[in-house]
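Each residue of the sequence shown is one higher than the one before, starting from 1 at the first, in UniProt numbering. C-beta atoms are modelled at their ideal positions from N, C-alpha and C, and glycine is treated no differently. Predicted, not measured: the structure shown is a model, and the values here were computed from it.
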Amino acid sequence: VSLNINLNSDKLVFPAVTVCTLNPYRYKEIKEQLRELDRITQQTLFDLYNYNASSTLLAGARSRRSLADTLPYPLQRIPVQPEPRRARSSDPSSVRDNNPRVDRRDWRVGFQLCNQNKSDCFYQTSSSGVDGVREWYRFHYINILAQVADTSPSLEEEALGNFIFACRFNQAPCTQENYSHFHHPIYGNCYTFNNKNDSSLWMA
1 VSLNINLNSD KLVFPAVTVC TLNPYRYKEI KEQLRELDRI TQQTLFDLYN
51 YNASSTLLAG ARSRRSLADT LPYPLQRIPV QPEPRRARSS DPSSVRDNNP
101 RVDRRDWRVG FQLCNQNKSD CFYQTSSSGV DGVREWYRFH YINILAQVAD
151 TSPSLEEEAL GNFIFACRFN QAPCTQENYS HFHHPIYGNC YTFNNKNDSS
201 LWMA
């Protein structure tokens, strides 16, 4: 009896993996901008819903025009275009359908977005006031982060040991040549391992 056993194993390339610090900027760098955004948000809630989240907020302290000057995309009420109705005269329910409902909302909450030369614009609207305010606040929050100058240290200047305590693959330690660094406005300092997939270290 003759028995032959063959084991074939192909090389497995380790995928690129990215880890981030989740700390995009120090709070002191954007503290004033966020305070201004919070204040404008409170005034916007009062203008739209007469909701006073702060006892120090004065009615009419800032007009909608001044808010538009502070933020390029103010939250506002967007009129809803009435839907065309197609009802036959013989339909007995046509009279009821053509009468507007008392509780019908004739506006939505949203803000206008345009391209650089303002030749193409559209409204980002929401039928829910909570969703509309949340989306508007998130848009301006990300916009504030995107405008902050990137002062993050480079890969050589920052001690990776402060964030990555240990890294080994194929019984070999990771080095700076295995990392690529970039900065994200939300996720902070990010490091990608095996970015180009060209190192023999990352094969098993």
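Discussion item. Do Y123 and I164 have their beta-carbon atoms positioned less than 8 angstroms apart in this structure?
Written reply: Residue mapping note: residue 164 aligns to position 164 of the sequence shown, counting from 1. Residue mapping note: residue 123 aligns to position 123 of the sequence shown, counting from 1. Cβ distance not < 8 angstroms, so I164 and Y123 don't count as in contact.
Margin query: Once DSSP output is grouped into helix, strand and coil, what is the label at Y141?
Written below: Stepping through the sequence shown from its first residue, residue 141 is reached at position 141. Three-state result, Y141: helix.
Where D10 falls, given that 16 or more other Cβ within 10 Å makes a residue buried
Reading the sequence shown from its first residue, position 10 is the one you call residue 10. By the neighbour-count rule (16 or more Cβ atoms within 10 Å), D10 is not buried but exposed.
Exercise for review: Give a yes or no on whether the C-beta atoms belonging to F14 and N194 are separated by under 8 angstroms.
Suggested key: The residue given as residue 14 occupies position 14 in the sequence shown. The residue given as residue 194 occupies position 194 in the sequence shown. Cβ atoms of F14 and N194: closer than 8 angstroms.
| query | Which residues mark the beginning and the end of the alpha helix (DSSP H) in which Y179 is found? | reply | Walking along the sequence shown from the start, residue 179 turns up at place 179. It is not in any alpha helix (DSSP H) - Y179 instead sits in the beta strand (DSSP E) that spans 179–184.
*At least 3 beta-carbon pairs within less than 8 angstroms: the segment 15–22 vs the segment 33–51*: The segment 15–22, when compared against the segment 33–51, does not touch it at the 8 angstroms Cβ threshold.
If you run the structure through DSSP and keep just helix, strand and coil, what is L3?
Against the sequence shown, residue 3 aligns to sequence position 3. Coil at L3, not helix or strand.
_Reference T44; option with closest CA among G110, N115, L22_ = The residue you call residue 44 lines up with position 44 of the sequence shown. The candidate whose alpha carbon is nearest that of T44 is G110.
> To the nearest angstrom, how far is it from the Cα of F182 to the Cα of V148?
Replying inline: As a first step, residue 182 is located in the sequence shown; it is residue number 182 there, counting from the start. As a first step, residue 148 is located in the sequence shown; it is residue number 148 there, counting from the start. Near 15 angstroms, if we compare the C-alpha coordinates of V148 and F182.
Q: Answer with buried or exposed for N189, where buried requires no fewer than 16 other C-beta atoms within 10 angstroms of its C-beta.
A: Indexing the sequence shown from 1 puts residue 189 at position 189. Classification for N189: buried.
Bridge partners - F122, DSSP secondary structure assignment: Taking the sequence shown and counting its residues from 1, the one referred to as residue 122 is at position 122. F122 pairs with L113.
For the putative contact between R138 and T125, defined by C-beta atoms under 8 angstroms, what is the C-beta separation to the nearest angstrom?
-> Along the sequence shown, one-based indexing puts residue 138 at 138. Along the sequence shown, one-based indexing puts residue 125 at 125. With a Cβ gap of about 15 angstroms, R138 and T125 do not count as contacting.
Notebook entry, point to check: Thinking C-beta only, is Y187 closer than 8 angstroms to P74?
Noted result: The residue you call residue 74 lines up with position 74 of the sequence shown. The residue you call residue 187 lines up with position 187 of the sequence shown. Cβ distance not < 8 angstroms, so P74 and Y187 don't count as in contact.
- Just checking my contact of H140 with L22 at CB under 8 angstroms: how many whole Å lie between their CB atoms? Along the sequence shown, one-based indexing puts residue 140 at 140. Along the sequence shown, one-based indexing puts residue 22 at 22. No, H140 and L22 are not in contact; Cβ-Cβ is about 20 angstroms, not under 8 angstroms.
With DSSP as the reference, please indicate the residues paired to residue 205 in a beta bridge. No answer is possible for residue 205: it lies beyond the span of the chain, which begins at 1 and ends at 204.
Original post:
For I144 versus Q33, is the C-beta distance shorter than 8 angstroms?
Top reply: The residue labelled residue 144 in the question sits at position 144 within the sequence shown. The residue labelled residue 33 in the question sits at position 33 within the sequence shown. Yes, they are a contact pair.
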